[in-house]
Every structure is written in C-alpha cells, then in structure tokens.
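In UniProt numbering, the protein residues as written are 1 to 170. Don't be surprised by glycine CBs; every beta carbon is placed ideally from N, CA and C. To start, the structure under review is shown below, and the notes come after it.
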C-alpha cells in the first residue's frame, strides 16, 4: 500500500480551521478577519469570475468590489471540504499544497439553493506558529479538473441555461 505524506492530525485541524475562518469571514462581511487568513504577499484568485489579487491591499480591493461591497452577495455560504494535501516540493513541513471541493449555497426569497460548485487550490504556510494562505485559487468544477473523462462525456454537463430559466440574481 502506498502512503502519502500529510500534515499531522493537529496541523490538519489547524489548516481546516483556517479554511473555516476564511468562509465565516467571507460570508459574514468581515474583511479584516478575511485578510488575517492570508500572508502579507499572498495570491488570491476567484478564477470563476476572472479576478486575481496579490497582497493584502489588492485582496481587500477585490473582496470589497466583488463580495463585501456587492449588494447581491449577502446570503451566501461557502462550504469547503474533502481536502487533499500534497507535500511541499522541497520537503518543508511548514508548507503544504491542498485542493478542496467547494460549494456555495445562496439564500434568496425563493429559499436556499446551490449557487456554484468548484474547488480551491491552496498553498498554506506556517508563519509564527499560525497557518495562513500563501495562495488560494477558486475555480469552477470544469475544465482540467475533469481531464480524466472523455471530452464528449462531459459536454452534456456544460450547457447554456434553457430559455426562460429563472435566475434569482438577475
């Protein structure tokens, strides 16, 4: 049986707490708490909307523009889980790569519904005893991540919404 190096159980819980702090800060409008989840020079991207930022100042601007200053954002919940870890390419134990499934639920007057599915690709580092995101990239659940399937088998999943489809956000 092949085993893969992973963070210790304690470190894994600390990294999962980081992810939970990120979601709570993002989904409750706490920009300062969100920034505390990142290193000063972190890369952050919501590739689903084509937005990328580097460092706290740019991340703050992106978050305010796309999320916390966006009147249709409140009511969303980012659910993140099933995280897989990959060791750092240089063998450092204070730095891990990870990928996680992500779903975003939204609550509107029609009730809760699944707004988005995708995944995060992260690099987490331990700085002064605390795990932080050095990189966090969100992507839709399509494209390269589905590369193990024949292209024609995925085509029916990637379709335009039918005419008259009700989109409560528009």
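Alpha helix (DSSP H) segment containing residue i, residue limits
i          : result
residue 33 : 31-35
residue 8  : Residue 8 -> no alpha helix (DSSP H), and no H or E assigned at all.
Nonlocal neighbours in the same chain, by C-beta distance under 6 angstroms from residue i, ignoring five residues either side
i           : result
residue 15  : 124 and 131
residue 102 : 80, 118, 119 and 120
residue 29  : 68
residue 151 : none
residue 83  : 98 and 100
Sequence-distant residues of its chain with Cβ nearer than 8 angstroms to residue i (five each side left out)
i           : result
residue 56  : 35, 38, 40 and 42
residue 112 : 105 and 106
residue 64  : 31
Rounded Cβ spacing between residue i and residue j (contact assumed at less than 8 angstroms)
i           : j          : result
residue 115 : residue 76 : 6 angstroms
residue 51  : residue 62 : 5 angstroms
residue 126 : residue 94 : 4 angstroms
Residues sharing a beta bridge with residue i, DSSP
i           : result
residue 104 : 78 and 116
residue 52  : 45
residue 96  : 87 and 124
residue 38  : 133
residue 69  : Answer is none; residue 69 lacks a bridge partner.
residue 111 : 108
Residue i and residue j closer than 8 angstroms at C-beta
i           : j           : result
residue 219 : residue 99  : There is simply no residue 219 to check, as the chain begins at 1 and stops at 170 in what is shown.
residue 138 : residue 32  : no
residue 78  : residue 26  : yes
residue 85  : residue 7   : yes
residue 44  : residue 136 : yes
Where the beta strand (DSSP E) through residue i begins and ends
i           : result
residue 136 : 130-140
Sequence-distant residues of the same chain with beta carbon closer than 7 angstroms to residue i, five excluded per side
i         : result
residue 5 : 87
residue 1 : No answer about residue 1 holds up, because its pLDDT of 44 lies below 50 and its placement is not dependable.
Short CB-CB distance (under 8 angstroms) between residue i and chain B
i          : result
residue 18 : The displayed structure is made up of one protein chain only, and chain B is not part of it.
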